[in-house]
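**Q**
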Amino acid sequence: MAHPKRKISKTRRDKRRTHYKATASTIAICPTTNEPHLYHRAYVVNGDLYYKGKVAIENYTSIA
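Heads up: the sequence shown begins at 517 in the numbering used here, then just goes up one per residue.
1) Taking the alpha helix (DSSP H) that Lys526 belongs to, which residues open and close that run?
2) What does the Cβ neighbour count give for Tyr536, buried or exposed, with the cut at 16 atoms within 10 Å?
3) So, with DSSP's three-state summary, where would you put His553?
4) Using the Cα positions of Arg529 and Ser578, report the straight-line distance between them to the nearest angstrom.
5) Can you tell me where the beta strand (DSSP E) holding Tyr576 begins and where it ends?
Set out below in structure tokens:
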């Protein structure tokens, strides 16, 4: 097994990790309902489930 010859300092370790960042989710506005939602996700407005601006399920109730 390989072992490091020298201890890596906290600063050097943190410099290496600067590129790993969380990105903010892109939010879309539905042209039909004018509700904000995540891209490629279904969303509920007034009890109806919408996807791509169309009603997918009317009177939707979540199971979870």
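Backbone N, C-alpha and C define an ideal beta-carbon position, used for all residues, glycine too.
**A** To lay it out plainly:
1) Position 10 of the sequence shown, counting from 1, holds the residue named residue 526. Its alpha helix (DSSP H) spans residues Lys526 to Arg532.
2) Here residue 536 is taken as the residue at index 20 of the sequence shown, counted from 1. Of the residues assessed, Tyr536 falls on the exposed side of the cut-off, its CB having fewer than 16 other CB atoms within 10 angstroms.
3) As a working mapping, residue 553 is identified with position 37 in the sequence shown. Looking at His553 - three-state DSSP - the assignment turns out to be strand.
4) Here residue 529 corresponds to residue number 13 of the sequence shown, with the count starting at 1. Here residue 578 corresponds to residue number 62 of the sequence shown, with the count starting at 1. Roughly 44 Å separates the two Cα atoms.
5) By 1-based counting over the sequence shown, the position of residue 576 is 60. Counting along the chain, Tyr576 falls outside any beta strand (DSSP E), and DSSP gives it neither H nor E.
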